[in-house]
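As structure tokens, the structure follows; a few thoughts come after it.
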Amino acid sequence: MQPVNEMKLEFLSKSSNEAFARVVAAAFVSQLDPTIEELADVRTAVSEAVTNAIIHGYEDMIGTIRMVCRLYERSVEIEISDEGKGIEDIEQAMQPLYTSKPEMERSGMGFTVMESFMDMVRVRSEPGKGTTVTLYKTFSSERK
Amino acid sequence: MEIRFSKKGSTLIVAFSGELDHHFAEYARNRIESELLKATTRDVIFDLTGLSFMDSSGIGVLVGRYANIRRLGGKAAVICRNRRILKILEMSGVLKLMSVYDKPDDALRALPGA
Ligand SMILES: Nc1ncnc2c1ncn2[C@@H]1O[C@H](COP(=O)(O)OP(=O)(O)OP(=O)(O)O)[C@@H](O)[C@H]1O
Ligand SMILES: [Mg+2]
Numbered sequence: 001m002q003p004v005n006e007m008k009l010e011f012l013s014k015s016s017n018e019a020f021a022r023v024v025a026a027a028f029v030s031q032l033d034p035t036i037e038e039l040a041d042v043r044t045a046v047s048e049a050v051t052n053a054i055i056h057g058y059e060d061m062i063g064t065i066r067m068v069c070r071l072y073e074r075s076v077e078i079e080i081s082d083e084g085k086g087i088e089d090i091e092q093a094m095q096p097l098y099t100s101k102p103e104m105e106r107s108g109m110g111f112t113v114m115e116s117f118m119d120m121v122r123v124r125s126e127p128g129k130g131t132t133v134t135l136y137k138t139f140s141s142e143r144k
Numbered sequence: 001m002e003i004r005f006s007k008k009g010s011t012l013i014v015a016f017s018g019e020l021d022h023h024f025a026e027y028a029r030n031r032i033e034s035e036l037l038k039a040t041t042r043d044v045i046f047d048l049t050g051l052s053f054m055d056s057s058g059i060g061v062l063v064g065r066y067a068n069i070r071r072l073g074g075k076a077a078v079i080c081r082n083r084r085i086l087k088i089l090e091m092s093g094v095l096k097l098m099s100v101y102d103k104p105d106d107a108l109r110a111l112p113g114a
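Those sequence lines, one after another, are chains H and R. Residue 17 in our numbering sits at position 17 of the first sequence, and the numbers go up by one each step. Residue 79 in our numbering sits at position 79 of the second sequence, and the numbers go up by one each step.
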């Protein structure tokens, strides 16, 4: 299926870009006239994925995070990728309450939040190479 | 993000406003920790009413402070009406640690030291 619109964005893995990324994603997705609730779901999920790239992907280093948003008639696909540490065991990482950084006051709920606010979350990762998280959501209301 | 403190008896009310994410989590942690050190606090009410956004980083802030509040023999409560934030609190088990109320006054009535 061909997207009706697409955007790509690259930014440094700085925590000040967490708000930036979720605002940009929400602004782009607004073109599909989602409800305020649906838009807030997207903002939260994007924030989780970008925060993970910063904290876990790049740890103390500064790297580049890439976000690609594709809009379809009534749905969106948002890809967030880093070229950081990667994930050894994706199944374990996605378990509720699993965190590799409990000492940093992480709760291990990021993936669970993404999954509950989006329709589907796909994770591809290779240790030492990086991680790509893709978030999918279909919007309920009819386009105005 | 902004944090305001107020006190009712031995109960500290921590009122958050704005967006609580990873970027502001450390600031929030430091502010609350130093306020807790000022002593005479037993119970804490986290008032999230003013938050327009919170993700899982907020969970870490609340749960991390909860450990210290318990150590000092206190209780914690949370004020929140935002459905999305409530869902995150619920999923992560925070609502098993602290009760949720609609208004600070409701929590104050329920906490013994206020
Ligand atoms: N981009 C990434 N690069 C490397 N590891 C990752 C990445 N994203 C997630 N992980 C791994 O998956 C685990 C679970 O992620 P999740 O977001 O669910 O929890 P968390 O980030 O540890 O805690 P929280 O999101 O609740 O603050 C992380 O602890 C980390 O080990
Ligand atoms: Mg996370």
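C-beta: ideal position from N, C-alpha, C; glycine also.
Residue i versus chain R: which residues are under 9 Å apart at the beta carbon?
{"i": "V76(H)", "result": "None at all; the shortest Cβ gap to chain R is about 18 Å."}
Any beta-carbon of chain R closer than 9 Å to the one on residue i?
{"i": "G110(H)", "result": "yes"}
{"i": "L71(H)", "result": "no"}
{"i": "V133(H)", "result": "no"}
{"i": "L97(H)", "result": "yes"}
{"i": "F139(H)", "result": "no"}
{"i": "R66(H)", "result": "no"}
Mind listing the chain R neighbours of residue i? Cutoff is C-beta to C-beta under 7 Å, in chain order.
{"i": "A49(H)", "result": "Result: empty, since nearest Cβ-Cβ is about 10 Å, beyond 7 Å."}
{"i": "T44(H)", "result": "D55, R84"}
{"i": "A40(H)", "result": "R84"}
{"i": "R122(H)", "result": "None at all; the shortest Cβ gap to chain R is about 19 Å."}
{"i": "S100(H)", "result": "Those do not exist, as S100(H) stays about 14 Å from chain R at its closest Cβ, beyond 7 Å."}
{"i": "A19(H)", "result": "E19, D21, H23"}
{"i": "I90(H)", "result": "Residues of chain R passing the Cβ test: none, with the nearest at roughly 18 Å."}
Per the DSSP calculation, residue i is bridged to which residue(s)?
{"i": "T132(H)", "result": "S81(H), R124(H)"}
{"i": "M94(H)", "result": "Paired residue(s): none; M94(H) is not in a bridge."}
{"i": "T64(H)", "result": "L12(H)"}
{"i": "R70(H)", "result": "E6(H), E77(H)"}
{"i": "G18(R)", "result": "L51(R)"}
Measuring from the CB of residue i, is there a heavy atom of ligand 4 at a distance below 8 Å?
{"i": "D82(H)", "result": "Within the structure as shown, ligand 4 is missing, the only ligands being ligand 1 and ligand 2."}
If you measure from the beta carbon of residue i to each beta carbon in chain H, is any gap under 9 Å?
{"i": "D21(R)", "result": "yes"}
{"i": "S17(R)", "result": "no"}
{"i": "S92(R)", "result": "yes"}
{"i": "V44(R)", "result": "no"}
{"i": "K75(R)", "result": "no"}
{"i": "R29(R)", "result": "yes"}
Since residue i meets chain H, which of its residues come closer than 8 Å, beta carbon to beta carbon?
{"i": "G64(R)", "result": "E105"}
{"i": "V61(R)", "result": "E105"}
List, in chain order, every chain R residue whose beta-carbon is nearer than 8 Å to that of residue i.
{"i": "V113(H)", "result": "D55, S56, I88, M91"}
{"i": "S116(H)", "result": "K87, M91"}
- Any chance the segment 43–54 of chain R sits against the segment 67–79 of chain R, with 3 or more Cβ pairs inside 8 Å? The count of Cβ pairs closer than 8 Å, one atom from the segment 43–54 of chain R and one from the segment 67–79 of chain R, reaches three, so the stretches are in contact.
- Are the segment 37–50 of chain H and the segment 94–105 of chain H touching by the rule of at least three beta carbon pairs closer than 8 Å? These segments do not touch.
- So, do the segment 126–143 of chain H and the segment 67–79 of chain H have three or more beta carbon pairs nearer to each other than 8 Å? Contact holds between the segment 126–143 of chain H and the segment 67–79 of chain H, because three or more Cβ pairs, one in each stretch, are under 8 Å apart.
- Item | Validate contact between the segment 93–102 of chain R and the segment 55–70 of chain R using beta carbons, cut 8 Å, 3 pairs | Segments in contact, yes.
- Touch test, the segment 24–41 of chain H against the segment 50–70 of chain H, Cβ-Cβ under 8 Å, three pairs minimum: These segments touch.
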